[in-house]
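Protein chains in written order, with my numbering: chain A, 1 to 113; chain B, 1001 to 1108. These notes are about the structure you will find just below.
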């Protein structure tokens, strides 16, 4: 148990489906992140939330929609995805500024068919 | 942005051997972390080490911030050490950049 819980662990979805990834942190951190890790590529930062406010959106397509209702929960809503969106999606949290380091969840392995 | 280069990209060891992984970065940083990603994808924080030296069991890390590099030492390697080792460096919140990783394979 790392303190950051992601569900589901695995997800297979069709290109016309709508699904959501969930992340919950039990560490009292105030910043949360979504990262994407594709095969043979480095981790790509997608979104950053600091005190529930989105502070970073790294040119992510609109078919990915984040939601942060409070400092402990982060969602990634998915719709009309493409096969190239298949990847490991990792959630992380940190104690904000200064950054005392990330704690990652176990990830959701997403396959788009 | 900050450029992060890890070396070597791949490393194969016999169980019991020692190894050194390197992380070079292009600018001054406020934070640096080493992670181990296991075969199931879990990223485990090994060290938060923006400067200085830390040790945790068979692992230790040293960051020389003025020379813009960090080293991760693994001694008496075990098969469970296999996986990908990443360093992440950055300044403000959310600005950390990950290296491409070193893939370590420890053979029994």
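Heads up, the beta-carbon is just placed ideally off N, CA and C, and yes, glycines get one too.
Inter-residue Cα distance where the pair is residue 10/A and residue 1024/B: The alpha-carbon atoms of residue 10/A and residue 1024/B are separated by roughly 34 Å.
Counting only C-beta atoms, is residue 1104/B closer than 9 Å to chain A at any point? It does not: the Cβ of residue 1104/B has no partner Cβ on chain A nearer than 9 Å.
Could you name the residues of the same chain whose beta carbon sits closer than 6 Å to that of residue 1020/B, not counting the 5 residues immediately before and after it, in chain order? Counting only Cβ-Cβ distances below 6 Å, and skipping sequence neighbours, we find 1071, 1073.
What would DSSP say about residue 85/A, mapped onto helix, strand or coil? helix
Quick check: the segment 1048-1068 of chain B against the segment 1094-1104 of chain B, are there 3 or more CB pairs under 8 Å? no
What are the partner residues of residue 1073/B, as DSSP defines its beta bridges? DSSP, once it has assigned bridges, lists 1020/B, 1060/B as partnering residue 1073/B.
Cut-off 6 Å between Cβ atoms - residues of its own chain near residue 1032/B, not counting five sequence neighbours on either side: 1049, 1050, 1063, 1070, 1089
With the cut-off set at 9 Å, would you say residue 48/A and residue 27/A are in Cβ contact? no
Please confirm whether residue 42/A has its beta-carbon closer than 9 Å to some beta-carbon of chain B. yes
Would you check if the distance between the CB atom of residue 1037/B and the CB atom of residue 1087/B is smaller than 9 Å? no
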